[in-house]
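Contents: one structure, followed by commentary.
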Amino acid sequence: MAKALVKPGDYERRDALLVQGKIAVKLVFGTIPMFVMAALIEGFITPSQLPNYLKLTVAAFSLVAFLLYIFMGNRTNTTG
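Our numbering numbers the first residue of the sequence shown as 34 and each following residue consecutively.
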C-alpha cells in the first residue's frame with residue numbers, strides 16, 4: 034500500500050490505494066488458514082503426550098498441506 038502513496042503511477046493516489054488495498058486484503062485473508070492450522074498444532078499437538086512418530090506424521094502432513102496450499106491454491110485459467 035505504500036507503493037500506492039509514494040508512486041501511484043497512472044492512477045490518482047486514491048484509486049491506487051483502492052487497487053493496492055484489495056491486494057492487501059487478499060493477502061491477509063490468504064494467511065488466515067495458515068494461522069489457524071499453526072494455532073491448532075501449537076495448541077493441541079505440541080504440548081500433548083503423543084509419541085514423537087505421531088507428531089512427526091502431523092508435521093509431514095502439515096508440510097504437504099502447506100505446499101499444496103501455496104503451489105495449487107490459486108490456480109486460475111490464464112488462457113483466453
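All residues carry an ideal CB built from backbone N, CA and C; glycine is no exception.
In this text, all values refer to a predicted model and were calculated from it rather than measured experimentally.
For THR79, there is no enclosing alpha helix (DSSP H), as DSSP marks it with neither H nor E. VAL69 has its alpha-carbon roughly 36 Å from the corresponding atom of TYR44.
By the neighbour-count definition (other C-beta atoms within 10 Å, threshold 16), ALA49 is a buried residue. By the Cβ criterion, the segment 88-95 is in contact with the segment 72-80, since at least three pairs of Cβ atoms, one from each stretch, lie closer than 8 Å.
Excluding the 5 residues flanking it on each side, VAL52 has same chain C-beta neighbours closer than 8 Å at ALA37 and TYR44, in chain order.
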